[in-house]
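What follows is a set of notes on a single structure, which appears directly below.
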Amino acid sequence: MVLSVLMMVLGAAGAIVGTALVYRSPDIGQGLTNVPLPVAVLVFGVIMFFLSFLGTWSSMHHRKREFAVFLLLTALTFAAVVSVTITAKWYQDRLRDKLQAGWHKSSDGTRSNLQNIHNCCGFLTNQDYPGSSCGPAQNINPAIPPCVEYIVDRARDKMSLFIITGVVVSSFLGVVLGTAIPFFNILNSSKVYKPSAGAAAQAQARG
1 MVLSVLMMVL GAAGAIVGTA LVYRSPDIGQ GLTNVPLPVA VLVFGVIMFF LSFLGTWSSM
61 HHRKREFAVF LLLTALTFAA VVSVTITAKW YQDRLRDKLQ AGWHKSSDGT RSNLQNIHNC
121 CGFLTNQDYP GSSCGPAQNI NPAIPPCVEY IVDRARDKMS LFIITGVVVS SFLGVVLGTA
181 IPFFNILNSS KVYKPSAGAA AQAQARG
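Numbering follows the numbering used here, in which position 80 of the sequence shown is assigned residue number 80; successive positions increment by one, without gaps.
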């Protein structure tokens, strides 16, 4: 019961945070990548919120079939969170190269917008594909820093937060599974006697 409540709280928090992130910044690379981590946070939050209701209802009413569905969906969610977290770590290790490729492929408007936000020009150097907001590359002041550190550091911070969240959520789901599986075994082996309507009526008549 306590785990279900915690699961519900985590799910609601994930849905709220994911929605806020999608609204503010749907891409960790500020338009240079297509990695929708906020969407993943939102989806996992909604799934966990749903699973908390299913787990609580099926355990309180001793519904073996529904509890088995809860176990299966929780196990699949656990596997998905672990997989996405590992993928995020792999991507984080290659973040600089991915963002550089995204910079070179992005529109002039995207590059100029990022340059205005961070007061920088170009990516690796201030002459590495600068947006038009910095003017011609040959006229850029050498003292103006490139954008690489600003963009990569911000993206890495977002990715680190996502990875930490993934580790926490997967650990929590592991505890849920470790607790729910023994309960399911007990539930599956128990035989709860439920009298038929006729038997219940006869017993009531005798009383």
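Quick reminder that beta carbons are idealized off the backbone N, C-alpha and C, glycines included. Since this is a predicted model, take the numbers as computed values, not measurements.
### Query
With a cut-off of 8 Å, do at least 3 Cβ pairs link the region 89 to 105 to the region 45 to 57?
Contact fails between the region 89 to 105 and the region 45 to 57, because fewer than three Cβ pairs, one in each stretch, are under 8 Å apart.
### Query
Applying the criterion that 16 or more other CB atoms from any shown protein chain within 10 Å of the CB defines a buried residue, is R111 buried or exposed?
The residue labelled residue 111 in the question sits at position 111 within the sequence shown. Buried, since its Cβ has 16 or more Cβ neighbours within 10 Å.
### Message
Buried or exposed for A200, going by 16 or more other Cβ atoms inside 10 Å?
### Response
If you number the sequence shown from 1, residue 200 lands on position 200. Unreliable placement is indicated for A200, whose pLDDT of 48 sits below 50; the coordinate value is still reported in the next sentence. It is exposed - the Cβ of A200 has fewer than 16 other Cβ atoms within 10 Å.
### P136 to C121 span [Cα, whole Å]
The sequence position of residue 136 within the sequence shown is 136, counting from 1. The sequence position of residue 121 within the sequence shown is 121, counting from 1. Each residue's alpha carbon lies about 11 Å from the other.
### Query
Who are the Cβ neighbours of A88 in its own chain at under 8 Å, not counting the five residues just before and after it?
Along the sequence shown, one-based indexing puts residue 88 at 88. Excluding residues within five positions, the ones whose Cβ falls inside 8 Å are L37, M159, F162, I163 and G166.
### Query
Exposed or buried, what is V175 when buried is set at 16 or more other beta-carbons lying within 10 Å of its beta-carbon?
Here residue 175 is taken as the residue at index 175 of the sequence shown, counted from 1. Exposed: under 16 other Cβ atoms inside 10 Å.
### Query
Can we count F53 as close to the ligand NAP, meaning its CB is less than 7 Å from some heavy atom?
Absence of the ligand NAP from the depicted structure is noted, as is the absence of any ligand whatsoever, leaving it without description.
#### Entry: Distance between L114 and M7 (C-alpha atoms, nearest Å)
The sequence position of residue 7 within the sequence shown is 7, counting from 1. The sequence position of residue 114 within the sequence shown is 114, counting from 1. Distance between the alpha carbons of M7 and L114 is about 38 Å.
### Task
Could you tell me which of I181, L187, V169 and L177 sits nearest to V82, measuring between CA atoms?
Residue numbering aside, residue 82 sits at position 82 when the sequence shown is read from its first letter. It is V169.
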